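Only one structure is covered here, and it is reproduced in the block below.
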Amino acid sequence: QVQLQESGPGLVKPSETLSLTCAVFGYSISSGYYCVWFRQPPGTGLEWIGSIRHLEKTYYNPSLKSRVTISVDASKNQFSLNLSSVTAADTAVYYCARQPATGTWYFDLWGRGTLVSVSS
Amino acid sequence: QSALTQPRSVSGSPGQSVTISCTGTSSDVGGYRYVSWYQQHPGKAPKLMIYDVTKRPSGVPDRFSASKSGNTASLTISGLQAEDEADYYCCSYAGRYTFVVFGGGTKLTVL
Numbered sequence: 002q003v004q005l006q007e008s009g010p011g012l013v014k015p016s017e018t019l020s021l022t023c024a025v026f027g028y029s030i031s032s033g034y035y036c037v038w039f040r041q042p043p044g045t046g047l048e049w050i051g052s053i054r055h056l057e058k059t060y061y062n063p064s065l066k067s068r069v070t071i072s073v074d075a076s077k078n079q080f081s082l083n084l085s086s087v088t089a090a091d092t093a094v095y096y097c098a099r100q101p102a103t104g105t106w107y108f109d110l111w112g113r114g115t116l117v118s119v120s121s
Numbered sequence: 033q034s035a036l037t038q039p040r041s042v043s044g045s046p047g048q049s050v051t052i053s054c055t056g057t058s059s060d061v062g063g064y065r066y067v068s069w070y071q072q073h074p075g076k077a078p079k080l081m082i083y084d085v086t087k088r089p090s091g092v093p094d095r096f097s098a099s100k101s102g103n104t105a106s107l108t109i110s111g112l113q114a115e116d117e118a119d120y121y122c123c124s125y126a127g128r129y130t131f132v133v134f135g136g137g138t139k140l141t142v143l
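Here it is, written out as structure tokens:
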């Protein structure tokens, strides 16, 4: 079954680094897809964080670029998000997703999301 | 403040049609054919409903259709059903610096 599954701490302290992992099931992360992260603060809309394709370029939201790293571990068929120096404004549901590497920009498969709260 | 402008809410009765607009600029919606729409039920992940302005993924009912004119994209849902009640988000590619922008979302209520 093709699916994505996020995992990671649900609570992060201010100024620390938020780290999440997305496990990919049902297809190879090295195939024709980008790995993508989004977030959605409580009660608000969606925000794209960044996209990466294994062994290729990474694209980041310019408003988060200085704090974000997305990486791929093809041996484990998973990818990760690191967001440094977090504040309460980074509290959100974080989603991983898939983007076909066909030269277009849409996201056809999403994980269920994981809530990360930033609080001391 | 979202980059793309959507109405906060729309409503319709079962069987009726509703249209949700998504207004951007020539740097996003108007400049590329990479507009997509997502349906999100409360507490659930977004689901792709439309991509590349007008294309419907396999499994999405043909009651969902979309178009674009200038800087405004539109999603039309015909034959409204109770399960269509959800939040809908538009999304557009916005060039090689910003990349991806979203609308603020529209809450569809089926009366």
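Chains as they are written, first to last, in this note's numbering: chain P, 2 to 121; chain E, 33 to 143.
Just so it is clear, CB atoms sit at the ideal spot from N, CA and C, and this is done for glycine as well.
Nothing here was measured: the structure is a model prediction, and the numbers come from that model.
Run of the alpha helix (DSSP H) containing residue 128 of chain E, from where it starts to where it stops: 127-130
Whole-Å CB distance - residue 117 of chain E paired with residue 141 of chain E, under 8 Å assumed: 6 Å
Under 7 Å by beta carbon: chain E residues contacting residue 18 of chain P: Within chain E, no residue comes near residue 18 of chain P; the closest Cβ sits about 23 Å away, beyond 7 Å.
Closest by C-alpha distance to residue 42 of chain E, when choosing among E:51, E:34, E:35, E:36: E:51
Short CB-CB distance (under 8 Å) between residue 105 of chain E and chain P: no
Proximity test, Cβ basis, 8 Å: residue 57 of chain P and chain E: no
Sequence-distant residues of the same chain with beta carbon closer than 6 Å to residue 136 of chain E, five excluded per side: 34, 38
Cut-off 6 Å between Cβ atoms - residues of its own chain near residue 61 of chain P, not counting five sequence neighbours on either side: 51, 69
Buried versus exposed call for residue 128 of chain E [16 or more other C-beta atoms within 10 Å across all chains shown]: exposed
Among E:83, E:86, E:76, E:101, the one whose alpha carbon lies nearest that of residue 62 of chain E: E:101
Residue-chain proximity (residue 29 of chain E, chain P), Cβ-Cβ < 8 Å: In this structure chain E extends from 33 to 143, so residue 29 of chain E is not present and cannot be described.
Contact under 8 Å by Cβ, residue 110 of chain P with residue 5 of chain P: yes
Chain E residues whose Cβ lies nearer than 7 Å to that of residue 113 of chain P: 77
Per DSSP, cross-strand counterpart(s) of residue 83 of chain P: P:20, P:70
Partners in chain E for residue 47 of chain P, counting only beta-carbon separations shorter than 7 Å: 78, 121, 134
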